[in-house]
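Numbering (UniProt numbering), first residue to last: 1 to 158. All C-beta atoms, glycine included, are put in the ideal place defined by N, C-alpha and C. Data first, discussion second: the structure below is written as structure tokens.
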């Protein structure tokens, strides 16, 4: 129990140091702001759809971004955004990403499920010759960024 109190105090101090905001909470396993406690990151980004870029929905959906929850708690991604350098923006609706799981965000159209989301675009989002993907929380805080500069294999692991 003493170790948990020490860890909680450290996390609270770290939260204040990083955000400048003190967080008061009842004793428990979580102390800090939602952004500070979450670990949502990009995984693989398939920025160049395999085959011919013919703008078919199948080809558009072969361009995708994987978003992973590598934290210890489930996170509601409502209001979180994924964007490219040209400011194409996808905003998550109410969607909970469970700890240890991932969701694949496809460029084209489809039916959303627990593991697949669809941007709904009729055009490619990610530039094959270089782009930047940015993941922001609902509060607008940047959670992860991934860049590539040339076509290569058509995919990158962030």
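- A direct Cα-Cα distance of roughly 8 Å separates residue 61 from residue 110.
- Judged by DSSP in its simplified three-state form, residue 94 adopts coil rather than helix or strand.
- Residue 71 sits away from residue 103, with the two beta carbons spaced by 7 Å or more.
- A buried status is given to residue 107, since no fewer than 16 other beta-carbon atoms sit within 10 Å of its beta-carbon.
- Between the segment 85–93 and the segment 115–135 there are three or more C-beta pairs closer than 8 Å, enough to call the two in contact.
- For residue 105, the enclosing beta strand (DSSP E) stretches over residues 102–106.
- The beta carbon of residue 112 lies closer than 7 Å to those of 118 in the same chain, with the five residues before and after it left out.
- Here residue 74 is not near residue 44, since their CB atoms are 7 Å or more apart.
- Taking residue 79 as the centre and dropping the five residues before and after it, the same chain places the C-beta of 138 closer than 6 Å to its C-beta, in chain order.
- The continuous beta strand (DSSP E) containing residue 135 extends over residues 131–136.
- Spanning the alpha carbons of residue 100 and residue 114 requires a straight line of approximately 13 Å.
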